[in-house]
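Chemist: Before I ask anything, here is the structure I am working with.
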Amino acid sequence: EIMDIGIYKSKVKEGVVAEMLAYKKEVPECGYRRGHVAKCRRLLFGYLNALDKISSPTDEKIMEQVKNLVLALNKLNEKTDYSLIETDARECIWEIIQSSAVECGLREASEDVTEEWREW
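Counting in the numbering used here, the sequence shown runs from 356 upward without gaps.
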(Lines of atoms letter the chains of each structure in order from A; the text may use other names.)
(Lines give C-alpha, C1' and ligand atoms only; values in the text may rest on other atoms or scores of the structure.)
Protein backbone atom coordinates (compact mmCIF):
# COMPACT_ATOMS: atom_id res chain seq x y z
CA GLU A 356 0.00 0.00 0.00
CA ILE A 357 1.30 3.42 -0.95
CA MET A 358 1.05 6.21 1.59
CA ASP A 359 -1.04 9.13 0.34
CA ILE A 360 1.34 11.95 1.19
CA GLY A 361 -1.09 14.59 -0.13
CA ILE A 362 -3.66 13.82 2.56
CA TYR A 363 -1.06 14.29 5.28
CA LYS A 364 0.25 17.52 3.77
CA SER A 365 -3.33 18.84 3.73
CA LYS A 366 -3.69 17.90 7.41
CA VAL A 367 -0.48 19.80 8.15
CA LYS A 368 -1.77 22.89 6.34
CA GLU A 369 -5.32 22.82 7.69
CA GLY A 370 -4.94 21.20 11.08
CA VAL A 371 -1.61 22.60 12.21
CA VAL A 372 -0.49 25.66 10.21
CA ALA A 373 -3.91 27.31 9.76
CA GLU A 374 -4.73 26.78 13.46
CA MET A 375 -1.41 28.21 14.63
CA LEU A 376 -1.75 31.26 12.37
CA ALA A 377 -5.38 31.83 13.44
CA TYR A 378 -4.34 31.71 17.08
CA LYS A 379 -1.43 34.08 16.39
CA LYS A 380 -3.87 36.55 14.79
CA GLU A 381 -6.21 36.28 17.78
CA VAL A 382 -3.42 36.50 20.39
CA PRO A 383 -0.50 38.41 18.80
CA GLU A 384 1.60 38.08 21.96
CA CYS A 385 1.22 34.26 21.96
CA GLY A 386 4.96 33.66 22.08
CA TYR A 387 5.71 32.54 18.53
CA ARG A 388 6.19 34.21 15.16
CA ARG A 389 5.00 33.31 11.67
CA GLY A 390 8.54 32.07 11.01
CA HIS A 391 8.15 29.45 13.74
CA VAL A 392 4.94 28.22 12.10
CA ALA A 393 6.67 28.06 8.71
CA LYS A 394 9.54 26.08 10.26
CA CYS A 395 7.04 23.66 11.84
CA ARG A 396 5.43 23.15 8.42
CA ARG A 397 8.84 22.56 6.81
CA LEU A 398 9.76 19.98 9.46
CA LEU A 399 6.48 18.09 9.05
CA PHE A 400 6.68 18.19 5.24
CA GLY A 401 10.31 17.04 5.42
CA TYR A 402 9.28 14.09 7.57
CA LEU A 403 6.47 13.13 5.18
CA ASN A 404 8.79 13.45 2.17
CA ALA A 405 11.41 11.31 3.91
CA LEU A 406 8.83 8.60 4.67
CA ASP A 407 7.62 8.75 1.09
CA LYS A 408 11.17 8.17 -0.19
CA ILE A 409 11.79 5.00 1.87
CA SER A 410 11.78 2.34 -0.83
CA SER A 411 11.71 -0.75 1.38
CA PRO A 412 10.29 0.42 4.71
CA THR A 413 11.48 -1.18 7.92
CA ASP A 414 10.42 -0.25 11.43
CA GLU A 415 13.97 0.97 12.04
CA LYS A 416 13.99 3.33 9.02
CA ILE A 417 10.53 4.70 9.83
CA MET A 418 11.26 5.19 13.54
CA GLU A 419 14.50 7.00 12.67
CA GLN A 420 12.40 9.56 10.78
CA VAL A 421 9.91 9.81 13.65
CA LYS A 422 12.74 10.39 16.13
CA ASN A 423 14.43 13.04 13.94
CA LEU A 424 11.15 14.93 13.54
CA VAL A 425 10.16 14.77 17.21
CA LEU A 426 13.59 15.99 18.35
CA ALA A 427 13.49 18.85 15.81
CA LEU A 428 9.96 19.82 16.95
CA ASN A 429 11.15 19.75 20.58
CA LYS A 430 13.92 22.22 19.70
CA LEU A 431 11.56 24.49 17.76
CA ASN A 432 8.97 24.47 20.54
CA GLU A 433 11.68 25.25 23.11
CA LYS A 434 12.68 28.35 21.10
CA THR A 435 9.13 29.68 21.57
CA ASP A 436 9.17 28.98 25.33
CA TYR A 437 6.91 26.01 24.63
CA SER A 438 4.11 28.17 23.23
CA LEU A 439 4.06 26.87 19.64
CA ILE A 440 2.79 23.33 20.11
CA GLU A 441 -0.30 23.60 22.29
CA THR A 442 -3.09 21.08 22.91
CA ASP A 443 -4.86 21.19 19.52
CA ALA A 444 -1.67 21.31 17.48
CA ARG A 445 -0.13 18.61 19.68
CA GLU A 446 -3.00 16.21 18.95
CA CYS A 447 -2.99 16.96 15.24
CA ILE A 448 0.80 16.67 14.88
CA TRP A 449 0.86 13.43 16.85
CA GLU A 450 -1.94 11.99 14.72
CA ILE A 451 -0.11 12.90 11.50
CA ILE A 452 3.15 11.34 12.72
CA GLN A 453 1.45 8.20 14.04
CA SER A 454 -0.86 7.55 11.08
CA SER A 455 1.73 8.26 8.39
CA ALA A 456 4.29 5.99 10.09
CA VAL A 457 1.78 3.15 10.22
CA GLU A 458 0.59 3.78 6.66
CA CYS A 459 4.22 3.84 5.49
CA GLY A 460 4.61 0.31 6.85
CA LEU A 461 5.48 0.52 10.55
CA ARG A 462 4.60 -2.91 11.90
CA GLU A 463 5.51 -2.65 15.58
CA ALA A 464 3.53 0.52 16.22
CA SER A 465 3.05 1.48 19.84
CA GLU A 466 0.07 3.54 20.98
CA ASP A 467 2.28 6.61 20.64
CA VAL A 468 5.38 6.36 18.45
CA THR A 469 6.54 9.82 19.59
CA GLU A 470 6.39 9.18 23.34
CA GLU A 471 10.03 8.20 23.84
CA TRP A 472 11.34 11.60 22.66
CA ARG A 473 8.41 14.02 22.78
CA GLU A 474 8.53 17.07 25.08
CA TRP A 475 5.37 18.78 23.84
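Glycine is no exception: its CB is placed at the ideal position from the N, C-alpha and C atoms.
1) Counting beta carbon pairs with one atom in the region 444–458 and one in the region 416–430, are three or more of them shorter than 8 Å?
2) Would you report the Cα separation of residue 411 and residue 422, rounded to the nearest angstrom?
3) Below 9 Å between beta carbons: does that hold for residue 431 and residue 394?
4) What is the DSSP secondary structure of residue 464, counted as helix, strand or coil?
5) If you run the structure through DSSP and keep just helix, strand and coil, what is residue 441?
6) Identify the continuous alpha helix (DSSP H) that holds residue 363 and give its terminal residues.
7) Suppose contacts are defined by Cβ-Cβ distances below 9 Å. Is residue 364 in contact with residue 403 by that definition?
8) If I measure Cβ to Cβ from residue 438 and keep anything under 7 Å in the same chain, skipping five residues before and after, which residues do I get?
9) Please work out which residues of its chain come closer than 6 Å, Cβ to Cβ, to residue 445, disregarding the five sequence neighbours upstream and downstream, and give them in chain order.
10) What does a CB cutoff of less than 6 Å around residue 460 pick up in its chain, not counting 5 residues either side in sequence?
Modeler: So, to answer that:
1) yes
2) Distance between the alpha carbons of residue 411 and residue 422: 19 Å.
3) yes
4) Three-state DSSP puts residue 464 in coil, outside helix and strand.
5) The answer is coil: DSSP assigns residue 441 none of H, G, I, E or B.
6) 360–366
7) For the 9 Å CB-CB criterion, residue 364 and residue 403 form a contact.
8) Taking residue 438 as the centre and dropping the five residues before and after it, the same chain places the C-beta of 385, 386 and 387 closer than 7 Å to its C-beta, in chain order.
9) 475
10) 412
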